[in-house]
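So the structure is just underneath, and the comments pick up after that.
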Amino acid sequence: MNYSIEITTVRQKLADLNAPPKPLEHTVFEERGAICDRHGMFKQRCRKMALRGKGIETRSECPACLTEKLTQLEQAEAGRGKHRKRSKIKTLMDNLNLPERFAYVTLDNYEPVNPYAARCLKLCNAYATHWPERLKRGGGLVMCGKPGTGKNHLALSIAKHVINEHQSSALFTTVLRIAREFKSTWRKNAECSEADVITRYTQPDLLIIDEVGIQFGSEAEKMILFEVINTRYESMKPTIIISNLALDELSRFIGERVIDRMNDGGGCTLAFTWESYRSRMAA
Ligand SMILES: Nc1ncnc2c1ncn2[C@@H]1O[C@H](COP(=O)(O)OP(=O)(O)O)[C@@H](O)[C@H]1O
Ligand SMILES: [Mg+2]
Ligand SMILES: [Zn+2]
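Residue numbers (this note's numbering): 967 to 1249.
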């Protein structure tokens, strides 16, 4: 059911009643008192058209009834808009591929356990806040450093933010998963091609690639990763790279040029240099 057509019709009826009747050929207007069951007396416009001896008569509706109907239609339309938005968010969340253990992470429940963590959190908050601009200019993030410091926590919180607040699409994956999908296209009778895989990783507004820098099986796997990063870079799509390597190691591994590219368009590199959050809790 399309409410917007009906809304336009009711609005037009009300606007007509607020203006003097437009003169029409073969037509006379008459105004008289009428009674609405619910609103009592109202001024009714009667339009009488005489055509080839036949008379057609139309009468205007109660303005209070029309106004009520308009309100109901507008509310129904707004409700449908909200429902549409909710179901879009649900689909985007399903497509994110969010690991269960990060179901509850947000930017708000990340603790700034030391000044460095506070700075990382601040930059991630700024990244999320300026998402529309990052999206336009393709600015990404490089998150590297010790395990357990909350890199995944922050990256997935950003993904949730862009989905919930902007209905952007986001995909979380790992280097191994990308490599596996690529290799599956090399089989005989493979269902999709390498280009299909690239497309799949180029489509989302935000791509998060985890576990960059773990030992690759081959040079070919490294090439695949670059292919994905470069294709996204060229189409100005933001990518977040997560690695447990220290920045200089990561730099050596994927090359400074790739890191620079990631930081183009207002992105930045965050180094997580402190001890694991869990070891701190245990201490
Ligand atoms: N500063 C922090 N505040 C709140 N939770 C944290 C923080 N750092 C890490 N965690 C939690 O510790 C666990 C490990 O963090 P994770 O994001 O997987 O780290 P990394 O990706 O850096 O290895 C997660 O459950 C995460 O929510
Ligand atoms: Mg991690
Ligand atoms: Zn009425």
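Glycine included, every Cβ here is placed at the ideal spot set by N, Cα and C.
Practice task
Ignore the nearest five residues each way along the sequence and tell me which others in residue 1150's own chain have a CB closer than 7 Å to its CB.
Solution key: On the sequence shown, position 184 is the one that residue 1150 refers to. Excluding positions up to five away in sequence, the list reads 1156.
Practice task
Could you tell me whether the Cβ atoms of residue 1216 and residue 1090 are closer together than 8 Å?
Solution key: Counting from one through the sequence shown, the residue named residue 1216 turns up at place 250. Counting from one through the sequence shown, the residue named residue 1090 turns up at place 124. No.
Problem - Per-residue burial, residue 994 [other beta carbons within 10 Å of its own, 16 or more giving buried] - result: Working through the sequence shown from its first residue, we reach residue 994 at position 28. So residue 994 counts as exposed.
Handout entry: Bridge partner(s) assigned by DSSP for residue 1139
Key = Walking along the sequence shown from the start, residue 1139 turns up at place 173. In DSSP, residue 1139 forms a bridge with 1175.
Practice task
Give the straight-line distance between the Cα atoms of residue 1178 and residue 968, rounded to the nearest whole angstrom.
Solution key: Residue mapping note: residue 1178 aligns to position 212 of the sequence shown, counting from 1. Residue mapping note: residue 968 aligns to position 2 of the sequence shown, counting from 1. For residue 1178 and residue 968, the distance between alpha carbons rounds to 48 Å.
Practice task
Report back the beta-carbon spacing between residue 1238 and residue 1112 to the nearest angstrom; my notes put them in contact at under 8 Å.
Solution key: Translated into positions along the sequence shown, residue 1238 becomes position 272. Translated into positions along the sequence shown, residue 1112 becomes position 146. So it is a contact: roughly 6 Å between Cβ atoms.
Practice task
Check whether the Cβ of residue 1005 lies closer than 7 Å to any heavy atom of ligand 1, and answer yes or no.
Solution key: The count along the sequence shown starts at 1 and reaches residue 1005 at position 39. Not under cutoff, so the answer is no.
Exercise for the section: Give me the Cα-Cα distance between residue 999 and residue 1047, rounded to the nearest whole angstrom. Expected result: Translated into positions along the sequence shown, residue 999 becomes position 33. Translated into positions along the sequence shown, residue 1047 becomes position 81. Residue 999 and residue 1047: Cα-Cα distance of roughly 39 Å.
Problem - Anticipated Cβ contact below 8 Å, residue 1228 with residue 1207, distance rounded - result: The residue you call residue 1228 lines up with position 262 of the sequence shown. The residue you call residue 1207 lines up with position 241 of the sequence shown. That belief holds up - the Cβ atoms of residue 1228 and residue 1207 are roughly 6 Å apart, short of 8 Å.
Exercise for the section: For residue 1133, name the three-state secondary structure that DSSP assigns. Expected result: The sequence position of residue 1133 within the sequence shown is 167, counting from 1. Here residue 1133 sits in coil by DSSP.
Handout entry: Whole runs of the alpha helix (DSSP H) within the stretch 1087 to 1172, excluding any shorter than 4 residues
Key = 1097 to 1103, 1117 to 1132, 1141 to 1150 and 1160 to 1168
Problem - For residue 1209, the residue or residues it bridges with in DSSP - result: The count along the sequence shown starts at 1 and reaches residue 1209 at position 243. Residue 1209 pairs with 1110.
Exercise for the section: Look at the alpha carbon of residue 1219 and the alpha carbon of residue 1192, and state the distance between them as a whole number of angstroms. Expected result: Working through the sequence shown from its first residue, we reach residue 1219 at position 253. Working through the sequence shown from its first residue, we reach residue 1192 at position 226. Approximately 11 Å between the Cα atoms of the pair.
Problem - Close-in-space but distant-in-sequence residues of the same chain around residue 1008 (CB under 8 Å, 5 per side omitted) - result: As a position in the sequence shown, residue 1008 is number 42, starting the count at 1. Result list for residue 1008: 999, 1000, 1001, 1002, 1028, 1029 and 1030, in chain order.
Practice task
Could you tell me whether any non-hydrogen atom of ligand 5 is closer than 7 Å to the CB of residue 1196?
Solution key: Only ligand 1, ligand 2 and ligand 3 can be found as ligands here, which leaves ligand 5 out of the picture.
Problem - Beta-carbon contacts of residue 948 that lie in its chain and below 7 Å, excluding the five residues immediately before and after - result: The chain is shown only over 967 to 1249; residue 948 falls outside these bounds and no answer can be derived.
Handout entry: Sequence-distant residues of its chain with Cβ nearer than 7 Å to residue 1081 (five each side left out)
Key = Residue mapping note: residue 1081 aligns to position 115 of the sequence shown, counting from 1. There are no such residues.
Practice task
Tell me, to the nearest whole angstrom, how far the beta carbon of residue 1202 is from that of residue 1114; I am working on the premise that it is less than 8 Å.
Solution key: Within the sequence shown, numbered from 1, the residue matching residue 1202 stands at position 236. Within the sequence shown, numbered from 1, the residue matching residue 1114 stands at position 148. Actually they do not touch by this definition, with Cβ atoms about 33 Å apart.
Practice task
For my contact list, residue 1122 and residue 1079 are in at a C-beta cut-off of 8 Å; report their separation, rounded to the angstrom.
Solution key: Looking up residue 1122 in the sequence shown gives position 156. Looking up residue 1079 in the sequence shown gives position 113. 18 Å between Cβ atoms; not a contact.
Exercise for the section: Select from 1129, 1163, 987 and 1142 the residue whose C-alpha is nearest the C-alpha of residue 1055. Expected result: In the sequence shown, counting from the first residue as 1, residue 1055 sits at position 89. Considering only alpha carbons, the answer is 1129.
Practice task
Find out if the Cβ-Cβ distance for the pair residue 1124, residue 1167 is shorter than 8 Å.
Solution key: Here the question's residue 1124 lines up with position 158 in the sequence shown. Here the question's residue 1167 lines up with position 201 in the sequence shown. Their beta carbons are not under 8 Å apart, which means residue 1124 does not touch residue 1167 by this criterion.
Exercise for the section: Just list the alpha helix (DSSP H) runs in the stretch 1188 to 1240, keeping only unbroken ones of 4 residues or longer that don't cross its boundaries, in chain order. Expected result: Counting only runs of 4 or more, we get 1213 to 1220 and 1222 to 1229.
Handout entry: Nearest residue (CA-CA) to residue 1036, options 971, 1205, 1194 and 1075
Key = In the sequence shown, the residue the question calls residue 1036 occupies position 70. Here the closest residue by C-alpha is 971.
Practice task
Return the residue from the list 1006, 1163 and 992 that minimises the CA-CA distance to residue 1022.
Solution key: On the sequence shown, position 56 is the one that residue 1022 refers to. Checked all of 1006, 1163 and 992; the closest Cα to residue 1022 is 992.
Handout entry: Alpha carbon of residue 990 to alpha carbon of residue 1014, nearest angstrom
Key = The residue labelled residue 990 in the question sits at position 24 within the sequence shown. The residue labelled residue 1014 in the question sits at position 48 within the sequence shown. For residue 990 and residue 1014, the gap between their C-alpha atoms comes out near 10 Å.
Handout entry: Among 1180, 1165, 1211 and 1176, the one whose alpha carbon lies nearest that of residue 1196
Key = Within the sequence shown, the letter at position 230 stands for residue 1196. Here the closest residue by C-alpha is 1165.
Practice task
Reducing DSSP to helix, strand and coil, say where residue 976 ends up.
Solution key: Taking the first residue of the sequence shown as position 1, residue 976 is located at position 10. Three-state DSSP puts residue 976 in a helix.
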